[in-house]
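Undergrad:
Number of protein chains: 2
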Amino acid sequence: MQHAGLASPMTPPGGRPADFQIKFRISDIMTEHSLWRFSRALHGAINDRQSKDLEELIDEEVDWAIYGPIDMFPFLGARRGKAAVIEVIRQIADNVRVHRFDRESILLGVDSAASMLRYSLTALDSNKPISLRLAHFAQFKAGRLSSLRVVIDTFDLVEQALGRPIHLPKIAS
Amino acid sequence: MQHAGLASPMTPPGGRPADFQIKFRISDIMTEHSLWRFSRALHGAINDRQSKDLEELIDEEVDWAIYGPIDMFPFLGARRGKAAVIEVIRQIADNVRVHRFDRESILLGVDSAASMLRYSLTALDSNKPISLRLAHFAQFKAGRLSSLRVVIDTFDLVEQALGRPIHLPKIAS
């Protein structure tokens with residue numbers, strides 16, 4: 000009963016809960032992919048304005064690019080270095096709130112990850128719902144984000160942000 | 000000298016060139032990722048209208064989607080099954096020619112692959128050069144493409160196809 004405070008669904012029946020918890024934590028640190036920690040910290044930074052966790056997960060020399068029309072969305076485009084990336088994430092947090100995201104495809108390497116995501120956002124200035132599809136490629140160095148490239152279905156994004164369709168000629172046969 | 004016709008940079012010095020060539024070929028077939036074969040066949044089908052190789056590399060039940068404005072580009076969108084995919088690749092071949100592509104990021108799994116690519120194309124109807132960035136996620140079954148998802152920086156594509164910028168309001172702070 001002296002271990003009751005440590006008991007959890009992770010405690011093996013009849014085992015030594017304290018030892019097991021330590022092992023579980025070490026194994027957790029060793030096996031969790033950097034993407035999951037980064038993803039939690041990024042979404043925390045966007046929705047809760049909490050960038051402390053994120054700062055520890057970004058390399059000083061990070062190379063960052065989200066391709067898209069920067070005239071309309073100044074928080075898209077390229078950034079270099081941790082301070083610039085923290086600042087641009089703050090700008091993203093000023094403009095959108097994440098309601099939900101679904102990871103439709105994912106590939107993990109040892110220090111890299113690529114996924115395709117569908118986001119449900121709200122544009123904070125207009126209170127408009129925005130549904131966004133993007134693909135990202137991330138590289139990590141010692142658990143910190145060292146490179147991020149994001150491709151977005153930007154025409155769809157622009158039409159939703161404008162709130163009206165853009166008339167397009169049919170150009171193909 | 001009787002092996003001179005088989006000599007190549009792959010021939011080991013003093014080795015048995017014919018045997019070595021056979022081994023090299025088998026090892027090549029076994030280790031080449033399905034992505035490379037599919038990529039060669041796809042580009043052959045687009046530029047040379049040669050779809051025979053490609054037909055052997057597409058699963059009958061293939062699930063295919065290139066996200067983008069289908070009003071302007073009817074060859075974008077979703078397709079299901081080999082016949083529909085072969086047909087849409089023929090439509091793509093009717094509309095563009097690939098000059099060059101650079102694979103900027105890549106992640107390979109056993110039966111899957113994701114990459115970010117930058118293409119230099121010509122739109123055949125207008126003879127306009129088009130520069131395109133996209134990300135794809137592909138899955139293979141027994142060496143054949145079973146699923147493909149492509150995200151394109153579509154706003155940039157639309158502006159290039161129109162040949163003029165679309166005026167956008169600045170919506171973000």
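Protein chains in written order, with numbering that gives the first Met the number 0: chain A, 0 to 172; chain B, 0 to 172.
Beta carbons: idealized from backbone N, C-alpha and C, even for Gly.
Computed from a predicted model, the values in this text were never measured in an experiment.
Using alpha carbons as the reference points, say which of Arg102(A), Val157(A), Ala160(A) and His166(A) lies closest to histidine 135(A).
TA: Working through the first sequence from its first residue, we reach residue 135(A) at position 136. It is Arg102(A).
Undergrad: Going by CA-CA distance only, name the one from Arg48(B), Ala112(B), Phe37(B) and Trp63(B) that's closest to arginine 148(B).
TA: In the second sequence, counting from the first residue as 1, residue 148(B) sits at position 149. That would be Trp63(B), whose Cα lies nearest to the Cα of arginine 148(B).
Undergrad: Helix, strand or coil for alanine 82(A)? Go by DSSP, reduced to three states.
TA: Translated into the one-based positions of the first sequence, residue 82(A) becomes position 83. Three-state DSSP puts alanine 82(A) in a helix.
Undergrad: Are there 16 or more other CB atoms within 10 angstroms of the CB of proline 168(A), so buried, or fewer, so exposed?
TA: Counting from one through the first sequence, the residue named residue 168(A) turns up at place 169. Result: exposed.
Undergrad: Using a Cβ-Cβ cut-off of 8 Å, state whether serine 50(B) counts as contacting chain A.
TA: Here the question's residue 50(B) lines up with position 51 in the second sequence. No, serine 50(B) does not count as interfacial toward chain A.
Undergrad: Do the CB positions of serine 180(A) and glycine 142(A) come within less than 8 Å of each other?
TA: Outside the shown range of chain A (0 to 172) lies residue 180(A), about which nothing can therefore be said.
Undergrad: Measure the Cβ-Cβ separation of aspartate 152(A) and isoleucine 151(B) and say whether it is below 8 Å.
TA: Position 153 of the first sequence holds residue 152(A). Position 152 of the second sequence holds residue 151(B). Yes, the pair counts as a contact, with Cβ atoms nearer than the cut-off.
Undergrad: Counting only the same chain and skipping the five closest in sequence on each side, list residues whose C-beta sits under 8 Å from that of valine 95(B).
TA: Residue numbering aside, residue 95(B) sits at position 96 when the second sequence is read from its first letter. The answer, listed in chain order, is Ile45, Leu120, Thr121, Ala122, Leu123 and Ile129.
Undergrad: Leucine 144(B) and leucine 75(B) - do their beta-carbons sit closer together than 8 Å?
TA: Your numbering for residue 75(B) matches position 76 in the second sequence. Your numbering for residue 144(B) matches position 145 in the second sequence. Going by C-beta atoms, leucine 75(B) is not nearer than 8 Å to leucine 144(B).
Undergrad: Shorter than 7 Å, the distance from the beta carbon of serine 33(B) to the closest heavy atom of the ligand SAM, or not?
TA: You won't find the ligand SAM in this model; it holds no ligand whatsoever.
Undergrad: Classify aspartate 52(B) as helix, strand or coil using the three-state DSSP reduction.
TA: As a first step, residue 52(B) must be located in the second sequence, where it is residue number 53. If DSSP states are grouped into helix, strand and coil, aspartate 52(B) belongs with the helices.
Undergrad: In angstroms with no decimal places, state the Cα-to-Cα distance between isoleucine 88(B) and aspartate 52(B).
TA: The residue you call residue 88(B) lines up with position 89 of the second sequence. The residue you call residue 52(B) lines up with position 53 of the second sequence. Going by the C-alpha atoms only, they are around 13 Å apart.
Undergrad: Does the beta carbon of aspartate 101(B) sit closer than 8 Å to a beta carbon anywhere in chain A?
TA: As a working note, residue 101(B) is residue 102 in the second sequence. No, aspartate 101(B) lies away from the interface with chain A (no Cβ there is under 8 Å from its Cβ).
Undergrad: Where do the ends of the alpha helix (DSSP H) carrying alanine 160(B) lie?
TA: Within the second sequence, numbered from 1, the residue matching residue 160(B) stands at position 161. Residues 153-161.
Undergrad: According to DSSP, is isoleucine 57(A) helix, strand or coil?
TA: Indexing the first sequence from 1 puts residue 57(A) at position 58. The answer is strand: DSSP assigns isoleucine 57(A) an E or B state.
Undergrad: At which residues does the alpha helix (DSSP H) containing phenylalanine 37(A) begin and terminate?
TA: Stepping through the first sequence from its first residue, residue 37(A) is reached at position 38. Its alpha helix (DSSP H) spans residues 33-47.
Undergrad: Closer than 7 Å by beta-carbon distance: list the chain A residues that pair up with aspartate 70(B), in chain order.
TA: By 1-based counting over the second sequence, the position of residue 70(B) is 71. Chain A residues near aspartate 70(B): Leu167 and Lys169.
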